[in-house]
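Peer 1: Positions 679 to 883 (this note's numbering) are the ones given, in order, by the sequence shown.
Glycine included, C-beta positions come from ideal geometry on N, C-alpha and C.
Source: prediction; values computed, not measured.
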Amino acid sequence: MNLIIMGAPGSGKGTQAALICKTHDIPHISTGDLLRKNIADGTDLGKQAKAYMDAGKLVPDELVIALLKNRIEQADCAKGFLLDGFPRTKAQADALGGITTIDVALNLVTDLNKLADRMASRRVCLKCGYTTSAQDAPDGICKACGDKLVIRDDDKREVVENRLKVYEQNTAPLVDYYNNKGLLKNIDGMQSIEQVNQAIEAALK
Ligand SMILES: [Zn+2]
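#1: Using 8 Å as the Cβ pair cut-off and three pairs as the minimum, do the region 816 to 827 and the region 722 to 742 touch?
#2: Here's a check: name, in chain order, each residue in its chain whose Cβ is nearer than 8 Å to the Cβ of D781, leaving out the five neighbours to either side.
#3: Can L745 and L713 be called in contact, C-beta distance under 8 Å?
#4: Which same chain residues, not among the five before or five after L723, have their C-beta less than 6 Å away from its C-beta?
#5: Which stretch, first to last residue, makes up the alpha helix (DSSP H) that contains A718?
#6: Just to be sure I understand the criterion: a residue counts if its Cβ is closer than 6 Å to at least one heavy atom of ligand 1. Which residues meet that?
#7: Rank L793, I829, A794 and K792 by C-alpha distance to the C-alpha of T809 and give the top, closest one.
#8: State the beta-bridge partners of A783 as determined by DSSP.
#9: Out of Q876, Y855, I704 and M684, which one is the CA nearest neighbour of F764?
#10: Rounding to the nearest angstrom, what Cα-Cα distance links A756 and K747 in this structure?
#11: Check whether the Cβ atoms of L793 and G688 lie closer than 8 Å to each other.
#12: Provide the residue(s) that pair with L741 in DSSP beta bridges, ordered along the chain.
#13: Is the closest heavy atom of ligand 2 to the C-beta of L774 under 7 Å?
#14: How big is the Cα-Cα spacing for Q752 and T701?
#15: Leaving aside the five residues before and after K805 along the sequence, list all residues of the same chain whose C-beta is less than 6 Å from its C-beta, in chain order.
#16: Return the CA-CA distance between P816 and S799, expressed in angstroms with no decimal places.
#17: Can you tell me the Cβ-Cβ gap for L761 and I707, rounded? I've got them flagged as a contact below 8 Å.
#18: Which word fits Q876, buried or exposed, when buried means at least 16 other C-beta atoms lie within 10 angstroms of its C-beta?
#19: What beta strand (DSSP E) runs, 3 residues minimum, are completely inside the region 789 to 817?
#20: For a quick check, are the C-beta atoms of T788 and A686 less than 8 Å apart?
#21: Beta-carbon within less than 7 Å of G776's beta-carbon, same chain only, minus the 5 sequence neighbours each way: which residues are those?
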C-alpha cells in the first residue's frame, strides 16, 4: 500500500498520517525529515543536498527522488509507505511514478476560510508555551501561569491566509493529476479526528 497524503497547513494531516501509519504498520516518509537525516548522517546524497541548501538553492528534484528511492527500498517499506510533503509539482509526481507505484493519493479537503479562522484564533503564552484559542481564553490570560497570551506572527490572519492560498495554488494541479489517474480519494477534513480517520480507512478498503 503506497500512499500519498495531501492536506493544507492546519488540516490535521500530521495527526491523520500518524494514525494511518500505526494502523497499517507502514513508515511515514516526509521528504523534509529524509533530507535532514541524510545530511545529519553525512550520506553522499545528503552531502550533495547540503551543498545546494548552503548555497541558498532548492535541492533539485533528481536528488530528492534518489533519496526517496533509497528510502523506499528499505525493509520497513515492504508493506508500503505514506509519503507526506512530496510530490509538490506535476514534474515531481511524474518522477515519483518512475521509481514506484502510488496506489492511493489521499486529499484532506478543508474549508480554507474556516481553517484560517481556526489558525488565526490560536493564542500562545510566550512564558510557558501553553497554547489555546481565543474562544477558550476570552480573558487573554494563560491558564497555566497567568501571563498574557499573544498571537504569534505566523498565526496572524494575513500570514495564515497567504500560506493557505499558496498551498491551494500549489496543490490544485496535483489533485488534478492524481484524479486523472483515478487514484485520488477526497476526504472531508473538517470532521473530528476520529471521523476523518474512519473516512480514510473506508477509502483505503
Ligand atoms: Zn503561561
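Peer 2: Once the coordinates are examined:
#1: no
#2: M679, N680, L681, G758 and L861
#3: yes
#4: N716, A744 and L745
#5: T709 to D719
#6: C803, K805, C806, Y808, C820, A822, C823 and D825
#7: I829
#8: DSSP lists I682 and L862 as partners of A783.
#9: Measuring from the Cα of F764, the nearest candidate turns out to be M684.
#10: 13 Å
#11: yes
#12: Under DSSP, no beta-bridge partner is assigned to L741.
#13: Of the ligands one can find in the structure shown, namely ligand 1, none is ligand 2.
#14: 20 Å
#15: Closer than 6 Å at Cβ, skipping near neighbours: C823 and D825.
#16: 11 Å
#17: 5 Å
#18: Around the beta-carbon of Q876, fewer than 16 other beta-carbon atoms lie within 10 Å, marking it exposed.
#19: 800 to 803 and 809 to 811
#20: A contact, by the Cβ cut-off of 8 Å.
#21: none
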